[in-house]
Amino acid sequence: MKRSLASLLAAATLIALPAAALAQSTVDEIAKYRQQLQDGNPAELWEARGEDLWKQKRGPKNVSLEGCDLGKGPGVVKGAYAELPRYFADADRVMDLETRLVHCMVTQQGFSFADATRRPFGNGSSRSEFEALAAWITSESKGVKMNVRLGHPKEREAYQIGEKIFYFRGGPHDFACATCHGETGKRIRLQDLPNLTDKAGAQLAYTTWPAYRVSQGEVRSFEWRLYDCFRQQRFPELKFTSEAAIALTTFLARNANGAEFNAPAIKR
Amino acid sequence: MADPMRIRVTEKDGLVTVRVLMSHEMETGLRKDTSGNVVPAHFIRTVTATCQGRVVLSAQWGTAVSKNPFLEFSFKGGKKGDKVVITWEDNKGDRRADEAVIS
Amino acid sequence: MNRSRRNAVKAGGVLALLVAAGIRPALAQGQQWNQAAFAGKTLKDALAALGAQGAATSDAIVIKAPEIAENGAVVPVGVESKLPGTQSIALLVEKNPLPLAASFDLPAGTEPSVTTRVKMGESSDVYVLVKADGKYYFAKKEVKITIGGCGG
Chain A
-3 MKRSLASLLA
7 AATLIALPAA
17 ALAQSTVDEI
27 AKYRQQLQDG
37 NPAELWEARG
47 EDLWKQKRGP
57 KNVSLEGCDL
67 GKGPGVVKGA
77 YAELPRYFAD
87 ADRVMDLETR
97 LVHCMVTQQG
107 FSFADATRRP
117 FGNGSSRSEF
127 EALAAWITSE
137 SKGVKMNVRL
147 GHPKEREAYQ
157 IGEKIFYFRG
167 GPHDFACATC
177 HGETGKRIRL
187 QDLPNLTDKA
197 GAQLAYTTWP
207 AYRVSQGEVR
217 SFEWRLYDCF
227 RQQRFPELKF
237 TSEAAIALTT
247 FLARNANGAE
257 FNAPAIKR
Chain B
1172 MADPMRIRVT
1182 EKDGLVTVRV
1192 LMSHEMETGL
1202 RKDTSGNVVP
1212 AHFIRTVTAT
1222 CQGRVVLSAQ
1232 WGTAVSKNPF
1242 LEFSFKGGKK
1252 GDKVVITWED
1262 NKGDRRADEA
1272 VIS
Chain C
1252 MNRSRRNAVK
1262 AGGVLALLVA
1272 AGIRPALAQG
1282 QQWNQAAFAG
1292 KTLKDALAAL
1302 GAQGAATSDA
1312 IVIKAPEIAE
1322 NGAVVPVGVE
1332 SKLPGTQSIA
1342 LLVEKNPLPL
1352 AASFDLPAGT
1362 EPSVTTRVKM
1372 GESSDVYVLV
1382 KADGKYYFAK
1392 KEVKITIGGC
1402 GG
């Protein structure tokens, strides 16, 4: 009798602990986990490969990417990512990093579009040049304040389309990006979801991609992040360097303006 | 030939701290690929670190060390300009040696 | 060229040629690898293979590891041994299929502390085994592994 009362009391004590307190200590512990991973980011291995790829003569024209203009002049990599996506006159369209790299691979290195985009995302056995290039190019914007401008009509248009996509509900679950990312305090299991409609949330989220994704053992770019969200929403596949990807990136990057860019990061 | 390691070596008051990032799959041999075939174990077994030729660390690893391993350790007796060499050898006999100068 | 030399050259470069010719470069120490310990399927087996069955607990071994790891594939573990005469440090994950994860031999002059990252198959105690002055000591810390968010 006594024993069962004692265990009842013990159980009651456990239940009595406010759910918020339990959740907070979990959140704190996970924050400690993330903190402990910061030093020694395997993304540095991708950065080294990316720098090599930028400087290596490749493609039918046997030319390096050092003449590629990422928006701040041919070959200027420092700070370029913080201003992307942007309008490029020579292509008469708004481009994000990957789209611009494909443009340079095709026009300067002589690759066909199909060859250049054959491997957008790596998977262990097969590597993607884009993840390595993104790792290095974005690392050259570390510490730079996000500064995506909407001076050109096409940039404004891309932002508006991106915003529409963000709120567009569809797919078998009737999800929009906003469904998961439109409110503070949401989570999926123990993964907290940033609120991208809130300035601080938008800044923190955008400035920490690309990231070495521990669960995948790969560096993943922002295009990958969008592609994977679409997959989880059971949306049709988001095409690599598509207008939709560029528009959504423009919307999210612009919303992060003012924040210091801080990638490649390391995430679970 | 495996990818180069990233080695960072710093020295303060005679204490040298080494941080290494190695590029390696560290495959456990317990995983199956998409066709259902077991991916064979492929992992670093031994790691040696020397400073000016003197061994400062030797390690034996199993498959449970994470992919793209990170290692940090410190030793006394190194000074600026000394050469630190890290070598690893895996279960397939692949090997990699990289060096860094204490700055 | 005989077969072993050909295979050695395939393995890569000058270093391999030297090894095939029987010349051991100063770098390659030709280290032993404790097969039996790494093949141990239980903590007990691994400890026995290391000769550490009688290890005593010690609170002079500091383990820095998260209480909750977001992903078991990469769990950072830092160890500092305050035991005088520390010669080696080993990391074991009790519930892993093969508990022994790593062991480090520390020559004189090397600090008795190492940090690395290990894989954990499930929530488990992480054991740190220290050999100091010829005797074995251990400490342990529980690390919980969570299921991540979308698609792991």
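Protein chains in written order, with our numbering: chain A, -3 to 264; chain B, 1172 to 1274; chain C, 1252 to 1403.
C-beta atoms are modelled at their ideal positions from N, C-alpha and C, and glycine is treated no differently.
{"Query": "Reduced DSSP category for P232 (chain A) - H, G, I as helix; E, B as strand; rest coil", "Result": "coil"}
{"Query": "Distance between R227 (chain A) and E219 (chain A) (C-alpha atoms, nearest Å)", "Result": "12 Å"}
{"Query": "Beta-carbon neighbours of E40 (chain A), restricted to chain B and to distances below 7 Å", "Result": "R1177, L1192"}
{"Query": "Opening and closing residue of the beta strand (DSSP E) in which S122 (chain A) lies", "Result": "Segment: none, S122 (chain A) is in no beta strand (DSSP E) and carries neither H nor E."}
{"Query": "Beta-carbon spacing of F1244 (chain B), V1189 (chain B) below 9 Å", "Result": "yes"}
{"Query": "Exposure of L1201 (chain B), with buried meaning 16 or more beta-carbon neighbours within 10 Å", "Result": "exposed"}
{"Query": "Buried or exposed by the 16-neighbour rule on C-beta atoms within 10 Å, applied to T180 (chain A)", "Result": "exposed"}
{"Query": "Contacting residues, own chain, Cβ-Cβ under 8 Å from A1316 (chain C) (five flanking each side not counted)", "Result": "V1326, P1327, V1328, G1329, V1377, K1392, V1394"}
{"Query": "Helix, strand or coil at T1199 (chain B) according to DSSP, with G and I counted as helix", "Result": "coil"}
{"Query": "Where A1277 (chain C) falls, given that 16 or more other Cβ within 10 Å makes a residue buried", "Result": "The predicted position of A1277 (chain C) is uncertain, since its pLDDT is 36 and thus under 50; a value taken from the coordinates is nonetheless stated next. Its Cβ having fewer than 16 others within 10 Å, A1277 (chain C) is exposed."}
{"Query": "Contact the segment 229 to 243 of chain A vs the segment 1207 to 1218 of chain B: 3+ CB pairs below 8 Å", "Result": "no"}
{"Query": "CA-to-CA distance, K1386 (chain C) to A207 (chain A), given in whole angstroms", "Result": "43 Å"}
{"Query": "Near the ligand ZN: K1251 (chain B) beta-carbon under 8 Å from a heavy atom", "Result": "Of the ligands one can find in the structure shown there are none, so the ligand ZN has no counterpart to examine."}
{"Query": "Span of the alpha helix (DSSP H) around M1193 (chain B)", "Result": "Careful: M1193 (chain B) lies outside any alpha helix (DSSP H) and carries neither H nor E."}
{"Query": "Length of the line joining the Cα atoms of E47 (chain A) and R54 (chain A)", "Result": "13 Å"}
{"Query": "Segment limits, alpha helix (DSSP H) that includes A241 (chain A)", "Result": "239 to 250"}
{"Query": "Whether V144 (chain A) touches G106 (chain A) by CB criterion (9 Å)", "Result": "no"}
{"Query": "CB contact below 9 Å: A1272 (chain C) versus chain B", "Result": "Only weak support is given to the placement of A1272 (chain C): the predicted model assigns it a pLDDT of 44, under 50, and the question is left unresolved by the model."}
{"Query": "Residue of A:I26, A:T22, A:A19, A:S21 minimising C-alpha distance to R264 (chain A)", "Result": "A:I26"}
{"Query": "Expected contact under 8 Å - CB spacing of V1344 (chain C) and V1369 (chain C) to nearest Å", "Result": "6 Å"}
{"Query": "Under 7 Å (Cβ pairs) to chain A, residues found in the segment 1302 to 1329 of chain C", "Result": "P1317, E1318, I1319, A1320, E1321, N1322, A1324, V1325, P1327"}
{"Query": "Contact the segment 249 to 262 of chain A vs the segment 196 to 205 of chain A: 3+ CB pairs below 8 Å", "Result": "yes"}
{"Query": "Best match in A:K28, A:F236, A:F231, A:G213 for proximity to S1237 (chain B) [C-alpha to C-alpha]", "Result": "A:G213"}
{"Query": "Neighbour list for D1174 (chain B) in chain A, Cβ cutoff strictly below 9 Å", "Result": "L41, A44, R45"}
{"Query": "Inter-residue Cα distance where the pair is P1363 (chain C) and F1355 (chain C)", "Result": "10 Å"}
{"Query": "Meets three-Cβ-pair contact criterion under 8 Å: the segment 1173 to 1184 of chain B and the segment 149 to 159 of chain A", "Result": "no"}
{"Query": "Partner residues on chain B for T1366 (chain C), Cβ-Cβ distance less than 9 Å", "Result": "R1190, F1241, L1242, E1243, F1244"}
{"Query": "Neighbourhood of A172 (chain A) by C-beta, 6 Å cutoff - its chain only, sequence neighbours within 5 removed", "Result": "Y163, F164, R165"}
{"Query": "Enclosing alpha helix (DSSP H) for I1257 (chain B) [first to last residue]", "Result": "Where I1257 (chain B) is concerned, there is no enclosing alpha helix (DSSP H), although the beta strand (DSSP E) it sits in stretches over 1254 to 1261."}
{"Query": "Start-end ranges of the beta strand (DSSP E) lying completely within the segment 75 to 110 of chain A, minimum 3 residues", "Result": "82 to 84, 89 to 91"}
{"Query": "Environment of N1208 (chain B) [buried if 16+ CB atoms lie within 10 Å]", "Result": "exposed"}
{"Query": "is_contact[D194 (chain A), chain C] using C-beta, thresh 9 Å", "Result": "no"}
{"Query": "R96 (chain A) versus A:S108, A:G167, A:R250, A:T237, residue with shortest Cα-Cα distance", "Result": "A:T237"}
{"Query": "Closer than 7 Å at the beta carbon, the chain C residues around Y29 (chain A)", "Result": "P1317, I1319, A1320, E1321"}
{"Query": "Inter-residue CB distance, T22 (chain A) and I1319 (chain C) (contact presumed, cutoff 8 Å)", "Result": "6 Å"}
{"Query": "is_contact[D224 (chain A), chain B] using C-beta, thresh 9 Å", "Result": "no"}
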